[in-house]
Amino acid sequence: MQQAIYIRHRNRVIVPPGDGGAPPQYLASLLKNLERLGFTASAALIMHLQTCSVVQLERLAGELVPALRQMLGAHVAYTPMYPNFPAQVMQTSHAELYLNAILHYLTHGRPPTVKRWRKPLIERTDLRVLDLGDEADFRAICTTLLAAKSALSPTDRADLAWFFQTYGDAALALIPTTVPLREHAALLGALLLRHTSRGAERLPTYVTTATDVLRLAVALSDGDVSLATPTKFRSFARAERRLLLELLEACGNSIEDMLRYPEPWKRLGERLHPGEYQTRFPQSAAAFDVIRNDRPVATFRSKVEGAIQAGQIDAALTLLRGRPGELARRLDHLLRRAAQPDAVVTAFGDVAAQVSTPVLLQALAHFAQRSAGHPLRSFFPKGEVAKAQVIANTLPLLDAGLCAGVVAICRETLVNRFRERPPLGKVFVDERLRDYPVPLTQRSASKALRTIPRGSRLPLGDGGTVRFFLWWKEGEVGGKPTGRVDIDLSAVLYDANWRYVEHISYTNLKSEKYRAAHSGDIVTAPNGACEFIDLEIESVVRYGGRYVVTAINAFTGQPFSTLPECYAGWMLRKEPQSGEVFEPQTVQQKIDVAANTRICIPVILDLVAHQVIWADLALRRNPRWFTNVEGNQKGMLLMGQALTTLIKPTLYDLFTLHAAARGTPVSREAASVVFAPDGTVTPFDIGVILADYL
C-alpha cells in the first residue's frame, strides 16, 4: 500500500539501504518486468538498486509489480466475447453477430471460437519513470494533503486515513500548522479520535463553529463532509455525545450557523439527546429546541435576500462586506441588480483581500469570459457523486468595463497574496497548461492511474486506434450478493456541430461507415467480464466525426458503488491485431468506476484536435428507457457540449500569477522551476498544487 500511494502522488518508490550487490540479471529482470507494465527506473533509482541484495530485489518486485498491475488494471484476466477482436468482429456478418448475442442472452454461453495466433506487440510507448524516494518525503504527502485549500478526492481521503491508521500517534507530527479547509479539519478530527490517543485534546483547534461540529459528526459516521448529501448518523457512545455537545457549546451562540443545515441537525439531535445535558450545555439545548420546533429566527442570509429583493443593494452590500466570500459569490447577481454597479465593484475591491484564492480564481475566469456569449453554463454541485448541471446561458450582458474592473481586482489581489510566499527564482510557464483547469472540484474525483481535473485536455498521443476497455465483477459486497451484473461499454460519435453520427455499443457491434468495433456484449460476470471498443481515428474523421462520448451503463441497475470491482480506461494501438487485446504497457489511463450512480462518462475524445477531454461524470437514468446509450442521448449530448465549452480558471492562469508575483519569467532552458505537463510541477501534482499554489 505504501508503494502504491507513493507512486500515485510522487512517482517515487522507497528502497531501504542496500546490503549487497546482486548479480546484474536480477536487476535486469526487475526492470524488464516494469517495462512490460509501461514503467522504468530513473538513473538514481537504478544506481541504488545495484547495491541491493537478491532478497531485497525480490521483496521490492513483490511490492512494486502487483501494485502497478492493480493501478493499470492488469491484475485480472481479460476474455472478451470475441477473443480475436477486433478482426473477428469486423469479419463476422451482422446476422451472425445478432444470433450469437441472442444465444448468449439465453444461455450465458459464448460462440465457439478458436483463439488465433496474434502478432507480437509492436507498440513502442514512452515509459513512465519511477524515481528514488525516502521515508521523510513519503510522510510529507500526509502534510500536503491536510494543507490543501480545495476539497480532496475520495482516493486522497483514503490515503490520509492510511497514514493515521498506520502511524498512530506518530502521525501527529505530520499535521501542518494550519488546516485551511473546514472539510479537511473534520476528517482530521475523526482520524485523531479513531487512531491517536490525543484526539479529544486536539479537537478544539480544528472545531470552532457549529458547522465544524456537524461535519465532525458526519465524518465519524463516514458521511459526506461537504454536507451536500444526507448522512445516516451512527449511534454515538455517551462520551462521544458529551464531546460533540461540549464542542458545540464552546462555539457560543451558534443558532444561525445551525440554521444553514436544519435537517442534518435534526437528525444529529436524535443521536445526541441534548435534552439530557441541558443543564451542562444550555446554549446547545436551546439551539436544538429552535431547530427541532422550527422557531422563526432572522438569519444573515434572509436579511441579504430580503434587501436584494427589495432593491436595497446598498443595504445588501453593507451586510455582505462582513462576509467577503459570500459577496464574491453573489457578485454577478449584485452587478445585474444594482442601479450603480460601480459601487458594487468598489465594495468588492475593499474586501477582496479577505476572499479565498479558489473563489478569486473562479471570479477572475468568470468575468474574463463574461461577454464571450457562450451558449451553455455548467455547474458542478458539491457532493460525493460527480454530476454536472447544464443550463442555457440566459445571463444579460454586463458592461465590459465592469467586468474588466473585477478581473483587475482579482489579479492584483492574487499577485499581492502570492508575493508574500517564498520566491521561485527563474520560472517558465508552458502554454500547454491552458488545457488544464485548476483542480477546484476534486471532491468527487474517481481513483485513476493519473488524477487530473475535469475538463482537462490531454494529448491523445501516438497510435492510429483508440481502444477503450471495461472490466467488472459480480459477487458479494459487505456480505450481500450483487446478483447478476451486466455493465455495458458504449461510444457515441458526433460531428463538429454536435450532430449525432453513429454509436458503437451492444446494439451496434461494428460500423459499416468507418473502422470501429465492439468486442461483444457479456451479461454476467461471476469471474469478471470485459468489453472493448476500437475506433480508428483517421477513418472516423474522414467520415465526418469529431467528438466521441464514452459511456458506461449499469444495465442491471446496480450502482457502481455496490460492485466488488469495476473500472475502465483506454489504450492507444498502432496495429490493433498485434499483442493481446489488453496490453498493460499501452494503457494511457485507467479509472475506477465506483460512484453511487448507474451511468458514467469517463472521457470525451476530440479527434480533430487529437485530444482526450477528462470527464469523470455521472448521469441520471432516464426512467422511460433501459440504462443504455439510446435512453440517455440527451444527457450525453449536454455533457459533451458542456465539457468542451467549460469556463474554468486554468493552471496557466494560476502559475502565471505566481510567476509575476514570485519569480522572473525566462525561457524553459534557463528556468529553475518549470510549470508544464512534463516539468518540475505538472498538472498531475494535485496535492502540491492544492497545498502550495492555492
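Start counting at 1 in the sequence shown, then tack on 480, and there's your number in the numbering used here. Glycine included, each C-beta is placed from N, C-alpha and C at the ideal position.
Buried or exposed (CB count within 10 angstroms, at least 16 for buried), residue i
i: ASP1165; result: buried
i: GLY959; result: exposed
i: ILE889; result: buried
i: ILE871; result: exposed
i: GLU892; result: exposed
i: ALA808; result: buried
i: ILE1013; result: buried
i: ILE1084; result: buried
i: PRO1103; result: Here PRO1103 scores only 48 on pLDDT, less than 50, and its place in the model is too uncertain to base an answer on.
i: THR593; result: exposed
i: SER1220; result: For residue 1220 there is no data in the structure shown, the boundaries of the chain being 481 and 1174.
i: SER1152; result: exposed
i: ALA1171; result: buried
i: ASN977; result: exposed
i: ASN733; result: exposed
i: ARG492; result: buried
i: GLY542; result: exposed
i: HIS1138; result: buried
i: PRO503; result: exposed
i: GLN505; result: exposed
Reduced DSSP secondary structure (H/G/I, E/B, other) of residue i
i: LYS953; result: strand
i: GLN571; result: helix
i: VAL556; result: coil
i: ILE1081; result: strand
i: CYS731; result: coil
i: PRO1103; result: For PRO1103, the pLDDT reaches just 48, beneath the cut-off of 50, and the residue's location in the model is therefore unreliable, although a value from the coordinates is still provided. Correct three-state label for PRO1103: coil.
i: GLU615; result: helix
i: PRO961; result: strand
i: PHE643; result: helix
i: VAL698; result: helix
i: GLY669; result: helix
i: ILE565; result: The sequence given here places Phe at residue 565; Ile does not occur at that position. In this structure, PHE565 counts as coil in the three-state DSSP scheme.
i: HIS584; result: helix
i: ARG947; result: strand
i: GLU1149; result: coil
i: ASN873; result: coil
i: TRP745; result: helix
Candidates the options, of which the one nearest residue i by Cα
i: TYR540; options: PRO903, VAL659, TYR558, ILE494; result: Inspection of the sequence shows that residue 540 is occupied by Leu rather than by Tyr. Of the listed residues, the one whose Cα sits closest to LEU540 is ILE494.
i: ARG781; options: LEU739, LEU525, ARG637; result: LEU739
i: LEU920; options: ALA1048, PHE859, LEU882, CYS883; result: PHE859
i: ALA697; options: ALA1139, ARG714, VAL824; result: ARG714
i: LEU840; options: ARG857, THR1066, ARG897, SER851; result: ARG897
i: GLY802; options: ARG817, ASP774, VAL831; result: VAL831
i: ARG490; options: THR572, PHE949, GLY613; result: GLY613
i: GLU538; options: HIS555, ASN773, ALA508; result: ALA508
i: TRP1050; options: ILE1032, ARG760, PHE519; result: ILE1032
i: THR622; options: ASP606, VAL825, ASP639; result: Before going on, a small fix: residue 622 reads as Cys here, not Thr. The shortest C-alpha separation from CYS622 is found at ASP639.
i: PRO684; options: CYS731, ASP704, LEU694; result: CYS731
i: GLY944; options: PRO1056, TYR994, ALA1005; result: PRO1056
i: PRO1039; options: HIS983, ASP737, VAL957, SER999; result: VAL957
i: ASN580; options: LEU725, PHE643, SER999, ALA521; result: SER999
i: SER1058; options: LEU725, ASN733, ILE602; result: ILE602
i: VAL886; options: LEU1087, LEU811, ASN773; result: LEU811
i: LEU583; options: ASP1001, PRO1163, PRO744, GLU1016; result: ASP1001
i: THR1144; options: THR1130, ARG899, VAL1088; result: ARG899
i: ALA852; options: SER836, THR874, VAL835; result: THR874
i: ARG721; options: ARG816, ALA787, SER701; result: SER701
i: LEU1087; options: LEU1052, TYR980, VAL1021; result: VAL1021
Short CB-CB distance (under 7 Å) between residue i and chain C
i: ALA730; result: Within the model displayed, chain C is absent; a lone protein chain is all it includes.
Are there three or more Cβ pairs, one per stretch, closer than 8 Å when the region 922-937 is compared with the region 1122-1131?
-> yes
Taking the runs of the beta strand (DSSP E) that are 3 residues or longer, which of them lie wholly in the region 1034-1064?
-> 1045-1053
Which runs of the beta strand (DSSP E), 3 residues or longer, sit entirely within the region 795-865?
-> 856-859
Give a yes or no on contact between the region 555-567 and the region 530-545, applying the rule of three or more CB pairs nearer than 8 Å.
-> Segments in contact, no.
Can at least three beta-carbon pairs, one atom from the region 784-804 and one from the region 751-769, be found at a separation below 8 Å?
-> With contact defined as three or more Cβ pairs closer than 8 Å, the region 784-804 and the region 751-769 are not in contact.
Using 8 Å as the Cβ pair cut-off and three pairs as the minimum, do the region 993-1011 and the region 949-957 touch?
-> Yes: the two stretches touch, three or more of their Cβ pairs being nearer than 8 Å.
Could you tell me whether the region 600-620 touches the region 904-917, using the rule of 3 or more Cβ pairs below 8 Å?
-> Inter-segment contact for the region 600-620 and the region 904-917 is absent: fewer than three beta-carbon pairs are separated by less than 8 Å.
Three or more beta-carbon pairs under 8 Å between the region 1081-1098 and the region 631-643, yes or no?
-> no
Whole beta strand (DSSP E) elements within the region 998-1040, 3-residue minimum = 1009-1016, 1027-1034
Which runs of the beta strand (DSSP E) spanning at least 3 residues fall entirely within the region 882-922, listed in chain order?
-> 905-909
Can you list, in chain order, the stretches of the alpha helix (DSSP H) that have 4 or more residues and sit fully within the region 753-786?
-> 762-772
Contiguous beta strand (DSSP E) assignments of at least 3 residues, all confined to the region 494-546 = 519-521
Could you tell me whether the region 762-781 touches the region 722-729, where touching means 3 or more Cβ pairs closer than 8 Å?
-> yes
Validate contact between the region 923-930 and the region 1071-1089 using beta carbons, cut 8 Å, 3 pairs | Result yes; three or more Cβ-Cβ pairs closer than 8 Å.
Three-pair Cβ contact test at 8 Å for the region 513-522 versus the region 662-682 = no
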